[in-house]
Structures are given as structure tokens and as C-alpha cells.
Amino acid sequence: PPPGAPSEAGDPADPPGAYRTPEIPWYVWAGLACVGLAMPIGGLAAVRRQRRRAATRAHEVRTT
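The numbers in the working numbering rise by one with no breaks, and the one at position 2 of the sequence shown is 399.
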């Protein structure tokens, strides 16, 4: 095909000398997904643990 014409796959052809971004491997995406899910889950667990400690401390203060 002439320069700038779409390729057979339907994707536009890269002009000569154009920078192509490297494809990111699947395991990088999987790692990003795990971190993205672990952050809020870990944050919720920390908040629950902190509330439980505060409630226990408040209970100990009231009972003594």
C-alpha cells in the first residue's frame, strides 16, 4: 500500500520514522490490577482495625 494508506488489517500504517509505543505485557496489566484492587481493600481493612482498637480502648476506659 502507498505511504499513509490503511494496512490490510484496517489499522492506519505508521508513517516512516514514527515512534511506536511498546506493547505492555499482560503480566504488567495483571500486576497493576492487583495493586489497584489491593490499595482500597487494604485501606478498608486498616480503617476497620483502627475502629476496632478505638472501640476496645473506649470500652476499657468506661469499665475501669
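Beta carbons are placed, not taken as given, at the ideal position from N, Cα and C, and that holds for glycine.
As the structure is a prediction and not an experimental result, all values here were calculated from the model.
Check, Outcome
"First and last residue of the uninterrupted alpha helix (DSSP H) at I438", "W423 to T460"
"Nearest-angstrom Cα separation, counted from E420 out to A443", "36 Å"
"Alpha-carbon to alpha-carbon, H456 and G428", "41 Å"
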